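Protein sequence lines, in the order shown, are assigned to chains V and L. By UniProt numbering, the letter at position 156 of the first sequence is numbered 156, and the numbering carries on one by one without gaps. By UniProt numbering, the letter at position 141 of the second sequence is numbered 141, and the numbering carries on one by one without gaps. Structure first, then comments.
There are 2 protein chains.
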Amino acid sequence: MSEYNVAIVGATGAVGTRMIQMVEQSTLKVKTIKLLASKHSAGTVLKFKGQDTVVEETTPESFTGIDLALFSAGGAVSKQFAPEAIKRGAVVVDNTSAFRMDPNVPLVVPEVNAEALNEHQGLIANPNCSTIQMVMALEPIRERYGLSRVIVTTLQAVSGAGNRAVQETLDESQAYLDGKTYTPKIMPVRGDKKHYQQAFNVLPQIDVFEEDGYTHEEWKMIHETKKIMCGGDMNSNDIQVTATCSRVPVPIAHCESVYFEVLDKHATVAGIQDAIANFDGDVLQDDPAEQLYPQPITAQGRRETFVGRIRPDQENKGAFHLWNVADNLLKGAAWNSVEIAEYLDKMDLLHVPSAAE
Amino acid sequence: MSEYNVAIVGATGAVGTRMIQMVEQSTLKVKTIKLLASKHSAGTVLKFKGQDTVVEETTPESFTGIDLALFSAGGAVSKQFAPEAIKRGAVVVDNTSAFRMDPNVPLVVPEVNAEALNEHQGLIANPNCSTIQMVMALEPIRERYGLSRVIVTTLQAVSGAGNRAVQETLDESQAYLDGKTYTPKIMPVRGDKKHYQQAFNVLPQIDVFEEDGYTHEEWKMIHETKKIMCGGDMNSNDIQVTATCSRVPVPIAHCESVYFEVLDKHATVAGIQDAIANFDGDVLQDDPAEQLYPQPITAQGRRETFVGRIRPDQENKGAFHLWNVADNLLKGAAWNSVEIAEYLDKMDLLHVPSAAE
């Protein structure tokens with residue numbers, strides 16, 4: 001195992017601060033850490049392994065001598081600086097959507113498709129949070145029974161829209177309880193035309209609308225799932241996927257109600273439970289008699305994906321429901337990114353091929 | 001049109017208070033109103049059309065001279081007193097689950113299956129809230145294109161569990177915002193073994209669990225939908241229905257993410273939108289470019305069912321998504337019950353057949 005100089009871009013954000021924690025807790029040997037952000041956040045002092053670390057402004061030169069750069073500062077920052085980092089020899093794990101659909105960029109959930117890492121050319125994309133936890137729940141089922149069709153409804157947490165979105169929802173909740181008016185400025189989408197109350201309300205819009213009536217979040221769930229589970233083909237028909245995404249007034253941890261059809265019509269609930277219980281990174285929480293099922297408040301702060309409420313569609317053999325919950329900032333973002341780096345390290349792939357070969 | 005002596009049983013509850021309002025606003029001519037509740041609530045003074053009305057304890061004799069009795073005080077109260085009311089000549093509209101699956105009892109959403117009222121024998125059951133708004137969204141689609149399959153995930157409001165459940169969630173929300181601990185005693189199900197935090201959390205349990213892993217709420221959505229849409233047969237295979245029900249921290253108005261397949265594979269989004277827009281009781285809110293879609297906060301206090309986010313499954317011809325929201329206390333309970341009475345009146349059926357014929 002080598003020692004690495006690590007940079008975190010977007011270190012002051014909801015995901016960035018958790019990337020610091022995940023690097024601290026990881027098996028990666030860290031020689032130096034560099035915390036990067038916008039000019040606005042430069043100068044902020046954050047802790048890494050108990051030591052004060054000053055956040056610096058991101059520039060191309062920031063990446064000189066860096067081996068691993070974890071990006072989570074928005075797609076524009078990744079587009080601008082990821083090439084600069086790679087040029088200087090850093091492997092980039094990017095948590096934005098900037099490169100996810102690039103056919104030359106592996107989109108990886110390590111427990112599901114670590115083999116795709118072998119093809120990386122210096123950049124690996126971290127999938128969208130809602131996609132990650134769904135493929136974590138479905139992969140053990142696919143491995144055992146084959147998977148043909150997925151219909152998902154998500155109930156996503158506000159932190160997926162960033163720290164400011166969480167603060168807005170908490171402030172708005174207090175105003176609601178006080179009987180005061182509050183004018184939202186962020187939810188459901190900061191850059192969109194209209195803003196709505198999220199406190200004590202549900203918004204069936206995450207990200208902007210596409211021309212076909214799906215939101216971009218729904219589009220991501222469909223095509224990222226295919227790319228991850230169907231050998232890199234974002235338009236594969238091997239698994240049919242369709243999605244409805246909504247935002248609920250929960251700070252952290254997304255819920256997903258997943259309906260799925262398997263190829264092996266002899267599949268059983270017990271077999272699915274067994275597959276999930278034995279899958280690395282999944283925790284089975286499925287005991288109706290004890291009212292045990294995944295919840296946001298019990299998944300928060302955990303790196304695993306929690307799965308329960310598994311039951312058959314009583315009118316369609318080989319069709320089932322499950323309910324999964326995961327911390328969208330950890331397995332959905334920071335932890336999956338750092339885990340990708342751990343796998344790269346273990347697979348001896350934590351270097352830029354063109355620079356090293 | 002006759003004039004009626006009307007009784008409301010459970011008049012002090014979340015639904016009961018709204019039944020009073022709905023009767024006030026209805027086309028029914030009310031000769032006298034009698035507000036009934038438990039011994040505990042007797043003596044409470046409520047307004048009916050501006051007049052103070054004292055709530056009385058429910059006894060068999062309460063129904064002497066009553067023409068129409070609206071029940072919403074729990075299944076046990078309905079089982080005890082509905083037969084007493086009918087015996088005394090009152091037509092009962094029951095908002096509990098006590099008689100919904102009785103083959104001799106019509107289960108009615110007036111816009112969908114008013115014809116079933118013709119068979120009533122003194123008692124008409126009001127369906128479960130989550131069922132009502134779903135069949136309201138689906139019936140215009142079934143009429144135009146036929147309907148073969150429904151897969152629904154609900155995001156239900158706390159008021160479905162009663163006024164005390166709402167108060168618990170609001171108190172718990174305040175405690176959460178203050179960083180204080182709070183011990184829930186009601187959610188998700190008052191009579192169940194364990195109670196969980198509902199504030200800023202999602203609970204995938206509504207009502208108790210059945211032996212097959214479905215909750216009773218999910219069971220209701222499946223079998224009530226079939227009974228209403230398939231000519232009274234709660235086990236019909238004409239329409240396949242399966243459901244996942246969850247509770248979100250919203251006071252009033254349920255959301256439903258509905259995936260459905262139609263028989264006519266030439267069905268279009270425009271055709272579905274047109275069918276819904278022209279269906280009595282439905283309001284189409286479906287304009288992604290203007291971020292127009294149904295939300296709990298805009299459905300609260302309204303009697304209509306709001307429908308939007310209509311779009312095709314891009315890999316399955318004849319399969320679509322929709323998102324519907326309705327006030328669970330109004331169309332889901334009080335308004336649908338009073339609307340049943342209005343239809344009975346208009347259809348000259350507001351009398352007990354055995355007593356009248």
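Note that CB positions come from ideal geometry on N, CA and C, so glycine has one too. Just so we're clear, the structure is a prediction, and the values are computed from it rather than from any experiment.
| Check | Outcome |
| --- | --- |
| Could you check the C-alpha separation between Y176 of chain V and A199 of chain V for me, to the nearest Å? | 8 Å |
| With 7 Å as the limit, tell me which residues of the region 192-219 of chain V have their beta carbon closer than that to any beta carbon of chain L; keep them in chain order. | D192, K193, K194, Y196, Q197, F200, N201, V202, L203, P204, Q205, F209, D212, G213 and Y214 |
| Does the region 145-158 of chain L come into contact with the region 224-244 of chain L, if we say contact requires no fewer than three beta-carbon pairs (one atom in each stretch) closer than 8 Å? | yes |
| Can you find a CB in chain L that lies within less than 8 Å of the CB of T244 of chain V? | yes |
| Taking the C-alpha atoms as reference points, what is the distance between H120 of chain V and V91 of chain V? | 9 Å |
| Can you pull the chain V neighbours of L174 of chain L, defined as C-beta to C-beta under 7 Å? | It should be noted that the sequence gives Gln, not Leu, for residue 174 of chain L. Near Q174 of chain L (Cβ distances below 7 Å), the residues of chain V are L177. |
| For chain B, check one thing: does any of its Cβ atoms lie closer than 8 Å to the Cβ of V283 of chain L? | Absent from the structure: chain B. Protein chains present are V and L. |
| Answer with buried or exposed for A355 of chain V, where buried requires no fewer than 16 other C-beta atoms within 10 angstroms of its C-beta. | Since pLDDT at A355 of chain V reaches only 48, below the 50 mark, its modelled position is unreliable, and no value is offered. |
| Any Cβ of chain V within less than 8 Å of the Cβ of P251 of chain L? | yes |
| Given that I297 of chain V touches chain L, what residues does it touch there, using C-beta distances under 7 Å? | Q197 and N201 |
| At the level of alpha carbons, what is the spacing between A11 of chain V and L284 of chain L? | 44 Å |
| If you measure from the beta carbon of C255 of chain L to each beta carbon in chain V, is any gap under 8 Å? | yes |
| With R142 of chain V as the anchor, note down where its alpha helix (DSSP H) starts and where it stops. | C129 to Y145 |
| Who are the neighbours of Y293 of chain V on chain L, taking C-beta pairs under 9 Å? | L203, P204 and Q205 |
| Our contact map puts T244 of chain V next to T131 of chain V with C-beta atoms below 8 Å; I'd like the distance itself, whole angstroms only. | No, T244 of chain V and T131 of chain V are not in contact; Cβ-Cβ is about 14 Å, not under 8 Å. |
| Check whether the Cβ atoms of F81 of chain L and P106 of chain L sit closer than 8 Å, and answer yes or no. | no |
| With DSSP collapsed to three states, give me the class of V166 of chain V. | helix |
| Can you tell which of L:Q291, L:E210 and L:A69 has the C-alpha that lies nearest to the C-alpha of I86 of chain L? | L:A69 |
| Spatial neighbours of A116 of chain V within its chain, please: CB distance less than 6 Å, with the 5 preceding and 5 following residues excluded, ordered by chain position. | P106 and V108 |
| Going by beta-carbon coordinates alone, are V308 of chain L and Y293 of chain L separated by less than 8 Å? | According to the sequence shown, residue 308 of chain L is Gly rather than Val. Cβ distance < 8 Å, so G308 of chain L and Y293 of chain L count as in contact. |
| Taking only beta carbons into account, state which residues of the UniProt domain "Semialdehyde dehydrogenase NAD-binding" (5-120) of chain V come closer than 7 Å to chain L, listed in chain order. | none |
| Give the DSSP-derived three-state secondary structure of A355 of chain V in the structure shown. | Residue placement at A355 of chain V is poorly supported in this model, since its pLDDT is 48, which falls under 50; the coordinates still yield a value, given next. Correct three-state label for A355 of chain V: helix. |
| With a CB to CB cut of under 6 Å and the five nearest residues on each side skipped, what residues in its chain are close to K34 of chain L? | A7 |
| Grouping DSSP H, G and I as helix and E and B as strand, with all else coil, what is E211 of chain L? | coil |
| Is the region 245-254 of chain V in contact with the region 203-213 of chain V, if contact means three or more CB pairs nearer than 8 Å? | yes |
| According to DSSP, is V77 of chain L part of a helix, a strand, or is it coil? | helix |
| Provide the residue span of the beta strand (DSSP E) that contains Q121 of chain L, from first to last. | Per DSSP, Q121 of chain L belongs to no beta strand (DSSP E) and is neither H nor E. |
| So D327 of chain V packs on A253 of chain V, CB below 8 Å; how close in whole Å? | 5 Å |
| Under 8 Å between the Cβ atoms of E342 of chain V and L46 of chain V? | no |
| So, for W335 of chain V: in the same chain, excluding its five sequence neighbours on each side, which residues have a beta-carbon less than 6 Å away from its beta-carbon? | M22 and R303 |
| Considering only their Cβ atoms, is the gap separating M19 of chain L from residue 417 of chain L smaller than 8 Å? | In the structure displayed, chain L extends from 1 to 357; residue 417 of chain L sits before or after that span and is not available. |
| What's the C-alpha gap between L344 of chain L and L350 of chain L? | 5 Å |
| Just to confirm the assignment, what range does the alpha helix (DSSP H) spanning S337 of chain L have? | W335 to K346 |
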